[in-house]
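Undergrad: Going left to right, the sequence shown walks through residues -15 to 199 as my numbering numbers them. Built from N, CA and C at the ideal position, the CB exists for glycine as well. Just so it is clear, the structure is predicted and the values come from calculations on it, not from any experiment. Starting off with a structure, shown below.
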Amino acid sequence: MTRLAPALLLLGALCACQPPEATDPANGTNAAVDDADNAVSVMAGANESANAAEPQRSILRPEVAEPEEPPKIEPAQAVIGFGETPMKLDDAARQALDALIATPAMTAGGPITLRGHSDSRGADGDNKVASRKRAELVRDYLVEKGVAKDRITLIAIGEGRPVAPNVREDGSDDPEGQAKNRRVEVTVALPRVVVPPPVAPNAANPAPKAALKSP
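Structural data, given as structure tokens:
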């Protein structure tokens, strides 16, 4: 009994320091406990929102956010057909060019190559001229939409690279194949990255000397 006396005195002092608990007379619950639980829930929700808003952190250095990788740009290509209107851009051709203009490769500013093609009707020289005029129609449309003219290169191929037969097996014309061959192939390459050569040291611009260490 003598040994338990100090412990009982300490327990009584602690109980005396505690504030009286408030009880809700309506349901007999402890209001102080409820308020504490509500405060913890609010703080937990705030912490979850803050954690969701924080950027991805580096594993090695948590104070440094991971940089986002830029989207990779790929070269763009399109085939502009002149099947229904051999020497005029139709609605489908203009829509295809509008979609090409909106690609990342086009907005990046890379070089553009237009290769004009024709069917096999007529003389070879005339077909080459016609293929170049088709490429010029595509070029003029791109320039009208704001593409710099000096980015564009025209190549007239003529009838040399068909994608479909120009004639049937009996030697008669194949209108469907000829329509597919009247086209302009557009290639948009990525911008050329020019790396400057290293500057060689000279008398006017000597190389920096190594710092001397004090003995």
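(1) Can you tell me where the alpha helix (DSSP H) with Ile64 in it begins and where it stops?
(2) Considering only the beta carbon of each residue, do Arg105 and Gln162 sit closer than 8 Å?
(3) Kindly confirm or deny that the segment 121 to 134 and the segment 143 to 154 touch, where touching means at least three C-beta pairs closer than 8 Å.
(4) Who pairs with Ala140 in a beta bridge, going by DSSP?
(5) Just to confirm my understanding: we take Thr207, look at its own chain, exclude 5 residues before and 5 after, and list those with CB closer than 8 Å. What are they?
(6) CA-CA distance, Arg116 and Ala184?
(7) How is Glu128 classed by DSSP in three states: helix, strand or coil?
(8) Under the three-state reduction of DSSP, which class applies to Glu52: helix, strand or coil?
(9) Is the CB-CB distance between Ala215 and Val63 below 8 Å?
(10) Can you tell me which of the three DSSP states Arg118 falls into?
(11) Hey, out of Ser102, Ala107, Tyr125, whose CA is closest to Ala80's CA?
(12) Looking at the structure shown, is Pro182 part of a helix, part of a strand, or coil, going by DSSP?
(13) Since Asp157 sits in a beta bridge, which residues does DSSP pair it with?
(14) How far does the alpha helix (DSSP H) with Ala78 in it extend, from its first residue to its last?
(15) Kindly identify the DSSP beta-bridge partner or partners of Thr171.
(16) Quick one: residues in its chain with C-beta nearer than 6 Å to the C-beta of Ile139, no 5 flanking neighbours on either side, listed in chain order?
(17) Would you identify the three-state DSSP class for Thr91, choosing helix, strand or coil?
(18) Between the alpha carbons of Asn150 and Leu174, how many angstroms are there, rounded?
(19) Restricting to Cα atoms, I'd like to know which of Pro182, Ile57, Arg166, Pro180 is closest to Lys72.
(20) Under a three-way DSSP split, which group does Ala163 fall into?
TA: Let me lay it out:
(1) Looking up residue 64 in the sequence shown gives position 80. Careful: Ile64 lies outside any alpha helix (DSSP H), inside the beta strand (DSSP E) at 60 to 65.
(2) Here the question's residue 105 lines up with position 121 in the sequence shown. Here the question's residue 162 lines up with position 178 in the sequence shown. Yes, Cβ-Cβ distance for Arg105 and Gln162 is below 8 Å.
(3) Because the criterion of three Cβ pairs below 8 Å is not met, the segment 121 to 134 and the segment 143 to 154 do not touch.
(4) Taking the first residue of the sequence shown as position 1, residue 140 is located at position 156. Residue pairing by DSSP puts Ala140 in a beta bridge opposite Gly100.
(5) No answer is possible for residue 207: it lies beyond the span of the chain, which begins at -15 and ends at 199.
(6) Here the question's residue 116 lines up with position 132 in the sequence shown. Here the question's residue 184 lines up with position 200 in the sequence shown. Answer to the nearest angstrom: the Cα atoms are 47 Å apart.
(7) Here residue 128 refers to the residue found at position 144 when the sequence shown is read from its first residue. In this structure, Glu128 counts as helix in the three-state DSSP scheme.
(8) Taking the first residue of the sequence shown as position 1, residue 52 is located at position 68. Looking at Glu52 - three-state DSSP - the assignment turns out to be coil, as it is neither helix nor strand.
(9) Absent from the structure is residue 215, since the part of the chain shown begins at -15 and ends at 199.
(10) The residue you call residue 118 lines up with position 134 of the sequence shown. Note: Arg118 maps to helix in three-state DSSP.
(11) For the purposes of this step, residue 80 is taken as the residue at position 96 of the sequence shown. Ranking Ser102, Ala107, Tyr125 by Cα distance to Ala80 puts Tyr125 first.
(12) Taking the first residue of the sequence shown as position 1, residue 182 is located at position 198. Reduced to three states, the DSSP call for Pro182 is coil.
(13) Locating residue 157 in the sequence shown gives position 173, where the first residue counts as 1. Residue pairing from DSSP places Asp157 in a beta bridge opposite Val151.
(14) Position 94 of the sequence shown, counting from 1, holds the residue named residue 78. Per the sequence presented here, residue 78 reads as Arg, with Ala not at that position. Taken as a continuous stretch (DSSP letters only), the alpha helix (DSSP H) holding Arg78 covers 75 to 85.
(15) For the purposes of this step, residue 171 is taken as the residue at position 187 of the sequence shown. Thr171 pairs with Gln61, Thr97.
(16) Counting from one through the sequence shown, the residue named residue 139 turns up at place 155. Closer than 6 Å at the Cβ level, and outside the excluded window around Ile139, lie Arg99.
(17) Along the sequence shown, read from residue 1 onward, the residue named residue 91 stands at position 107. Helix.
(18) Here residue 150 refers to the residue found at position 166 when the sequence shown is read from its first residue. Here residue 174 refers to the residue found at position 190 when the sequence shown is read from its first residue. Asn150 and Leu174: Cα-Cα distance of roughly 34 Å.
(19) Start at 1 with the first residue of the sequence shown, and residue 72 comes out as number 88. Sorting Pro182, Ile57, Arg166, Pro180 by C-alpha distance to the C-alpha of Lys72 places Arg166 at the top.
(20) Position 179 of the sequence shown, counting from 1, holds the residue named residue 163. Ala163 carries a helical assignment under DSSP once its states are collapsed to helix, strand and coil.
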